[in-house]
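Q:
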Amino acid sequence: MDAVAVEGVWKFYGDYPALRDIRLGAAPGSCLALIGRNGAGKTTLLRIIAGFSRPMRGKVKILGDEPRETAARRRIGFIGHGISVYDELSAFENLMLYARLYRLPNPQRSAMEWLERTGLERVRNGLVREFSRGMRQRLAVARAFIHDPSVLLLDEPFTALDDRAIAVLQDLMRQALAAGKTVVMSTHQLREALELASHVALLVRGQVAFEGECTSEMVEDPGYVYARYGEG
Amino acid sequence: MEFFRQVFVIAHKDVRAELRTKEAVNASLAFALVILLLFSFAFDPESDTTREISGGLLWIVFAFAGALILNRSFARELPNDCLDGLIAAPISGAALFLGKALANYALVLAVELVSLPVFAIFYNVHLGAQLPELLLVLALGAWALTVIGTMFSALTVNIRLREVMLPMLTYPILSPALMGAMRLTTGLVLGTAIDKDTFLWLKLLIGFDVMYTAAALMLVEFVLVG
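Going down the list, the sequences are from chains A and B. The opening position of the first sequence corresponds to residue 0 in numbering that gives the first Met the number 0, with each subsequent residue numbered one higher. The opening position of the second sequence corresponds to residue 0 in numbering that gives the first Met the number 0, with each subsequent residue numbered one higher.
#1: Express the C-alpha separation of Phe2 of chain B and Asp43 of chain B in angstroms, rounding to a whole number.
#2: Just grab the DSSP bridge partners of Val150 of chain A for me.
#3: What is the DSSP secondary structure of Asp170 of chain A, reduced to helix, strand or coil?
#4: Specify, as a first and last residue, the run of the alpha helix (DSSP H) that Cys30 of chain A falls within.
#5: Can you pull the chain A neighbours of Val222 of chain B, defined as C-beta to C-beta under 9 Å?
#6: Can you give the Cα-Cα distance for Arg19 of chain A and Arg128 of chain A, rounded to whole angstroms?
#7: Got a sec: is the Cβ-Cβ distance from Thr117 of chain A to anything in chain E below 8 Å?
#8: Any chance you could list the alpha helix (DSSP H) runs of at least 4 consecutive residues sitting entirely within the region 36 to 82 of chain B, in chain order?
#9: Of the residues A:Gly79, A:Phe77, A:Phe51, A:Met55, which one's Cα is nearest the Cα of Arg67 of chain A?
#10: Tell me whether Thr48 of chain B is buried or exposed, calling it buried when 16 or more other Cβ atoms sit within 10 Å of its Cβ.
#11: Do Ser89 of chain A and Gly237 of chain A have their beta-carbon atoms positioned less than 8 Å apart in this structure?
#12: Inspect the beta-carbon positions of Ile9 of chain B and Ala93 of chain B and report whether they are closer than 8 Å.
#13: For the 8 Å Cβ check, are there 3 or more pairs between the region 203 to 220 of chain B and the region 101 to 115 of chain B?
#14: On a CA-only basis, which of A:Val8, A:Val167, A:Val182, A:Gln136 is nearest Ala196 of chain A? Give me that one, please.
#15: Per DSSP, which residues does Pro16 of chain A bridge with? Please list them.
#16: Would you call the CB atoms of Val156 of chain B and Leu77 of chain B closer than 8 Å?
#17: Among residues of its own chain, excluding the 5 on either side of Thr42 of chain A, which ones have a beta-carbon nearer than 7 Å to its beta-carbon?
#18: Against chain A, which members of the region 77 to 89 of chain B pass a CB distance test of less than 7 Å?
#19: Looking at the structure shown, is Gly57 of chain A part of a helix, part of a strand, or coil, going by DSSP?
#20: With DSSP run on the structure shown, which of helix, strand or coil describes Asp64 of chain A?
#21: Could you have a look at Arg22 of chain A and say whether DSSP puts it in helix, strand or coil?
#22: Quick check on the burial criterion: 16 or more other C-beta atoms within 10 angstroms. Buried or exposed for Tyr12 of chain A?
#23: What residues in the region 98 to 127 of chain A have a beta carbon less than 7 Å from any beta carbon of chain B?
#24: Taking 8 Å as the cut-off, does the region 1 to 10 of chain A touch the region 156 to 176 of chain A (at least 3 CB pairs, one atom from each stretch)?
#25: Bridge partners of Leu201 of chain A, per DSSP?
#26: Determine which residues of the region 49 to 65 of chain A have a Cβ less than 9 Å from any Cβ of chain B, and write them out in chain order.
#27: Looking at the structure shown, is Ala192 of chain A part of a helix, part of a strand, or coil, going by DSSP?
#28: How long is the line joining the alpha carbons of Trp113 of chain A and Arg72 of chain A, rounded to whole angstroms?
#29: On the DSSP letters alone, give me the boundaries of the alpha helix (DSSP H) that Met210 of chain B sits inside.
#30: What residues match up with Glu6 of chain A in a beta bridge as DSSP calls it?
#31: Could you check which residue in B:Glu111, B:Glu220, B:Leu133, B:Phe121 has the C-alpha nearest to that of Leu183 of chain B?
#32: Would you say Thr158 of chain A faces chain B, with C-beta separation under 8 Å as the test?
#33: Have a look at Phe198 of chain B and Ala192 of chain B and give me their C-alpha separation to the nearest angstrom.
#34: Can you look up Ser131 of chain A in the DSSP assignment and give me helix, strand or coil?
#35: Thinking Leu154 of chain B and Asn70 of chain B are a contact (beta carbons under 8 Å), I'd like their distance in whole angstroms, please.
#36: Rounded to whole angstroms, what is the Cα-Cα separation between Glu92 of chain A and Ile158 of chain B?
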């Protein structure tokens with residue numbers, strides 16, 4: 000059974016079909032990179048997989064469950080365009096909030112552990128509004144990973160990250176993949192993404208133009224997929 | 000039990016965030032006090048006519064001051080896409096809604112409780128004997144305002160003109176509850192306890208609260224996810 004299964008998903012914005020009959024799967028332990036030009040439908044697809052939006056037709060399964068079911072939501076870790084942490088709360092309070100929402104057995108310990116893993120333990124009581132951009136991004140990573148999700152959905156995860164945050168995120172993603180977790184990420188930064196991806200799907204105008212394993216040609220020349228299967 | 004624990008987590012987070020910035024409470028309280036002051040100049044506090052419309056004046060102040068708090072409720076989730084984090088978490092839309100509504104309720108009640116003695120002083124009203132009944136009406140009216148306002152705050156959160164849309168949507172639906180609260184408050188301010196004639200308005204207020212709370216809890220998941 001695929002950890003993430005997308006079966007015939009359609010999404011319309013008015014009359015415009017943002018997604019057209021998308022069929023994709025990601026096996027446990029695999030990393031699927033969704034690539035495509037701006038407006039291809041990557042974010043729309045990730046938001047439907049995460050359960051933020053419902054498809055007009057078709058269905059999505061996360062380890063056999065609908066994305067809006069509580070069981071599925073416990074297993075999903077999501078990093079979107081925003082960092083989803085509160086400026087008015089401290090780093091520790093933000094992580095405690097999510098640890099409690101995910102019903103972790105020891106929220107305080109989990110929050111402290113992830114502050115240490117992301118190098119934020121010294122500023123744990125500082126308000127997020129006083130953080131640098133890199134620190135905020137690392138806190139967002141801690142927020143997404145705190146409940147040890149089985150499926151990671153990452154929308155442009157490397158965009159606007161500093162070197163340290165990219166290293167932290169890549170390291171965590173490698174550890175997650177080694178532990179048999181599944182990663183689905185949309186990205187424009189092909190070089191960073193293809194280092195980790197086991198599979199690639201190219202979206203063109205809301206349709207899957209290519210889906211397959213990530214090959215050495217793709218890693219050596221990130222523009223290869225676009226040149227061969229895309230619109231040049 | 001788990002549901003109520005999640006409700007508390009959300010309510011606690013919202014109250015804590017608001018107390019750090021105080022942006023909604025300060026604006027709401029300042030607005031309420033200024034309007035009460037201006038009304039006391041506009042109407043002669045000693046006249047019978049003013050006493051007869053005092054319930055209406057008080058609830059107009061509460062309704063508009065409350066909107067300033069309710070507008071911030073889901074708008075607070077917009078910076079950093081925090082709403083995505085909450086929607087992704089394994090909590091029901093109902094728990095999220097109720098947590099936010101309770102936080103708003105605490106803030107709206109706080110503004111009402113500060114405004115009430117100011118109203119009593121400016122309008123020369125002796126609240127003593129009717130105070131428990133008046134507090135009951137305030138509590139029921141505030142919940143009506145909160146539940147409708149929180150729901151429409153969720154509905155309008157992604158609309159550019161949400162500050163305009165929220166009152167436009169909230170007040171027409173809130174009208175029956177406001178009418179009940181105004182009638183009851185006017186009677187109590189005039190020194191008349193809730194009797195057989197005015198009890199109907201109390202029942203209307205309670206019915207409104209129960210019905211719209213149930214409707215909001217059922218519909219909020221569709222409002223949040225579509």
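Where is the CB? At the ideal position from N, CA and C, for every residue including glycine.
A: Quick look at the numbers:
#1: 50 Å
#2: A:Ile75, A:Thr181
#3: helix
#4: No alpha helix (DSSP H) contains Cys30 of chain A, which is instead part of the beta strand (DSSP E) from 30 to 34.
#5: Here the premise fails: no neighbours, minimum Cβ distance about 13 Å.
#6: 40 Å
#7: You won't find chain E in this structure, because its protein chains are A and B.
#8: 47 to 74
#9: A:Phe51
#10: exposed
#11: In the structure as shown, chain A starts at 0 and stops at 231, and residue 237 of chain A therefore has no counterpart that could be examined.
#12: no
#13: no
#14: A:Val182
#15: A:Phe11
#16: yes
#17: Asp154, Ser185
#18: Pro78, Asn79, Asp80, Cys81, Asp83, Gly84, Ile86, Ala87, Ala88, Pro89
#19: strand
#20: strand
#21: strand
#22: exposed
#23: Arg99, Leu100, Tyr101
#24: no
#25: A:Ile34, A:Phe209
#26: Ala49, Gly50, Phe51, Ser52, Arg53
#27: helix
#28: 20 Å
#29: 195 to 224
#30: A:Lys58
#31: B:Leu133
#32: no
#33: 10 Å
#34: coil
#35: About 12 Å separates the two Cβ atoms, so there is no contact after all.
#36: 29 Å
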